[in-house]
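Below is one structure, written out as structure tokens; comments come after it.
Numbering (my numbering), first residue to last: 3 to 51.
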């Protein structure tokens with residue numbers, strides 16, 4: 003994933019950087035949740051068999 007930050011000289015990129023940081027955290031959290039769901043499903047299937 004690549005974000006290109008365009009700087010117009012006097013513009014402040016901190017808002018975009020903060021947005022990227024929070025988006026990245028959300029992405030990692032959702033990724034971890036999907037991994038957790040897969041692990042739970044595997045455990046459930048393990049106990050069901």
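Glycine included, C-beta positions come from ideal geometry on N, C-alpha and C.
Item	Value
If we ignore side chains and look at the alpha-carbon of each, how far apart do residue 46 and residue 29 end up?	26 Å
Output the distance between the C-alpha atoms of residue 23 and residue 31, rounded to the nearest integer angstrom.	12 Å
Do you know how far the Cα of residue 44 is from the Cα of residue 38?	10 Å
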